[in-house]
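Residue numbers (this note's numbering): 10 to 493.
Every residue gets a Cβ at the ideal spot worked out from N, C-alpha and C, and that includes glycine.
Note that this is a predicted model, so its numbers are computed, not measured.
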């Protein structure tokens with residue numbers, strides 16, 4: 010192939026609507042984390058969108074250098090499209106053909122690239138366009154793909170479904186996609202903006218039990234803001250009755266009962282889901298966190314005597330067993346090791362606690378996750394190991410991290426109390442005076458930053474962002490994992 014023809018082919022490839030041009034890896038920490046999120050962490054109706062999953066798997070196989078396996082996934086996607094959308098097979102296949110072209114391009118098989126570019130062009134020319142067309146079905150496919158990727162792709166997914174609905178406002182599939190995207194983006198505080206799309210989607214998809222549980226979860230949050238309770242419970246019960254073996258329904262229903270502070274019911278549903286997808290790290294993690302919630306319940310009851318202690322150790326044992334299975338299945342799970350460490354500390358198993366704390370410290374963590382780890386390890390040193398100096402060190406290290414969070418405020422409060430207690434015993438305590446000086450300097454810097462921010466807002470030079478606060482102040486006690 011001549012250089013001119015190759016350049017022309019590359020130009021055609023860049024115009025294709027497919028996974029290779031959607032920039033799906035934007036903002037991802039690593040390929041492993043991206044794969045983990047797509048296939049294990051993000052709840053999704055995998056049964057209903059098998060072709061979408063095959064295309065995503067093909068893209069991931071390519072990213073891992075497994076191009077032959079990627080081609081096999083694309084062949085499977087083609088078969089599924091013929092089965093699921095026989096009346097729209099050409100339009101629905103455009104994304105798959107685009108992926109074929111890109112995989113062959115990276116394999117250096119340019120003649121095969123040309124075959125699939127021509128297939129796309131043949132369909133698009135029917136709509137007076139060379140290599141891409143505006144189609145609600147294509148927008149929908151992009152929306153489901155981005156929704157499956159989650160995270161920073163949810164906003165773009167919502168835009169895709171809104172665009173598709175402009176052409177077909179009553180389409181059940183497009184409406185479902187918009188409802189799920191709206192649900193994910195409406196984190197806190199809950200609003201009617203997610204409720205209405207979910208109700209509309211359920212009206213158009215009365216047999217979609219997953220949507221009913223999502224609505225129940227939103228209604229429960231609204232109830233916390235003063236709404237009536239009852240409808241959510243009925244929706245979950247109906248969904249479980251009509252879809253007793255659908256894992257996404259089971260997981261979401263378990264989340265509903267966890268939020269209602271009913272960990273036993275949540276554990277029952279999660280264990281049932283585990284029957285369908287055994288060895289799933291996230292299910293074990295969620296079960297472990299439910300047992301951890303039961304640990305807190307027993308501790309709050311302050312049961313005395315041997316029975317209370319025995320019950321506590323039994324629950325800790327169940328929590329640890331499931332969390333260890335989660336860690337073994339995926340040792341990059343968010344905060345699992347620090348939870349394990351804290352549970353071992355509660356059971357007076359200090360060597361095991363130290364092991365898991367250090368394992369967590371060895372990982373790449375987000376700023377808030379680092380703060381939480383310093384808080385937990387500082388508490389461990391302060392209360393279990395009786396080592397105040399080490400506790401102070403970790404509280405200071407956590408506070409130094411430039412991130413607003415509930416954990417940061419807790420560590421500042423602990424440092425203040427420790428310093429005042431030490432000074433009440435010895436007014437010349439150098440360590441205590443150092444801590445107070447550190448806190449004073451920190452407060453002055455924060456005050457200056459706030460003043461600078463206010464001046465910037467008044468002049469219109471800064472745009473405020475809620476991203477640094479979004480969800481961080483509402484980490485629920487039963488499970489400090491954002492996806493549990």
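Three-state secondary structure (DSSP) of residue i
i: residue 254; result: coil
i: residue 240; result: helix
i: residue 31; result: coil
i: residue 58; result: coil
i: residue 228; result: helix
i: residue 437; result: coil
i: residue 308; result: helix
i: residue 376; result: helix
i: residue 22; result: helix
i: residue 287; result: coil
i: residue 269; result: coil
i: residue 75; result: coil
i: residue 450; result: helix
i: residue 500; result: Only positions 10 to 493 of the chain appear in this structure, which leaves residue 500 out of reach.
i: residue 282; result: helix
i: residue 338; result: helix
i: residue 363; result: helix
i: residue 344; result: coil
i: residue 318; result: helix
i: residue 350; result: helix
i: residue 42; result: helix
i: residue 12; result: helix
i: residue 356; result: coil
i: residue 261; result: helix
i: residue 326; result: helix
i: residue 297; result: helix
i: residue 246; result: helix
i: residue 37; result: coil
i: residue 5; result: The question about residue 5 has no answer, for the chain in this structure spans 10 to 493.
Alpha-carbon spacing of residue i relative to residue j, whole angstroms
i: residue 401; j: residue 78; result: 52 angstroms
i: residue 374; j: residue 343; result: 8 angstroms
i: residue 217; j: residue 443; result: 60 angstroms
i: residue 330; j: residue 59; result: 33 angstroms
i: residue 305; j: residue 88; result: 50 angstroms
i: residue 140; j: residue 27; result: 11 angstroms
i: residue 236; j: residue 227; result: Low confidence applies here, because residue 236 scores a pLDDT of 49, under 50, leaving its location unreliable; read the following figure in that light. Approximately 11 angstroms between the Cα atoms of the pair.
i: residue 276; j: residue 300; result: 8 angstroms
i: residue 204; j: residue 240; result: 13 angstroms
i: residue 348; j: residue 354; result: 10 angstroms
i: residue 345; j: residue 192; result: 26 angstroms
i: residue 428; j: residue 434; result: 10 angstroms
i: residue 289; j: residue 335; result: 7 angstroms
i: residue 351; j: residue 265; result: 25 angstroms
i: residue 34; j: residue 230; result: 31 angstroms
i: residue 302; j: residue 92; result: 45 angstroms
i: residue 252; j: residue 258; result: 7 angstroms
i: residue 117; j: residue 76; result: 11 angstroms
i: residue 367; j: residue 414; result: 22 angstroms
i: residue 472; j: residue 432; result: Because residue 472 carries a pLDDT of 31, less than 50, the predicted location of this residue cannot be relied on, and the following value inherits that uncertainty. Straight-line Cα distance between these residues: approximately 43 angstroms.
i: residue 450; j: residue 307; result: 41 angstroms
i: residue 98; j: residue 90; result: 6 angstroms
- Item | 3 or more residues per run - each beta strand (DSSP E) lying fully within the region 95-119 | With a minimum length of 3 residues, no continuous beta strand (DSSP E) run stays inside the region 95-119.
- Query: With a cut-off of 8 angstroms, do at least 3 Cβ pairs link the region 400-418 to the region 375-384?
  - Reply: The region 400-418 is in contact with the region 375-384.
- Is the number of C-beta pairs between the region 153-171 and the region 130-137 that are closer than 8 angstroms three or more? Below 8 angstroms, too few C-beta pairs join the region 153-171 and the region 130-137 to call them touching: fewer than three.
- Message: List, from N- to C-terminal side, the alpha helix (DSSP H) runs of 4 residues or more that fit wholly inside the region 130-199.
- Response: DSSP runs (the alpha helix (DSSP H)) wholly in the region 130-199: 145-158, 163-176, 181-194.
- Item | Minimum length 4: unbroken alpha helix (DSSP H) runs contained in the region 385-438 | Complete alpha helix (DSSP H) runs here, min 4: 397-409, 415-434.
- Message: Within 8 angstroms, do at least three Cβ pairs link the region 146-157 to the region 108-120?
- Response: With a cut-off of 8 angstroms, the region 146-157 and the region 108-120 do not count as touching, because too few Cβ pairs lie within range.
- Query: Is it true that the region 120-130 meets the region 154-167, where meeting means three or more beta-carbon pairs spaced less than 8 angstroms apart?
  - Reply: Fewer than three pairs of CB atoms, one per stretch, sit closer than 8 angstroms, so the region 120-130 makes no contact with the region 154-167.
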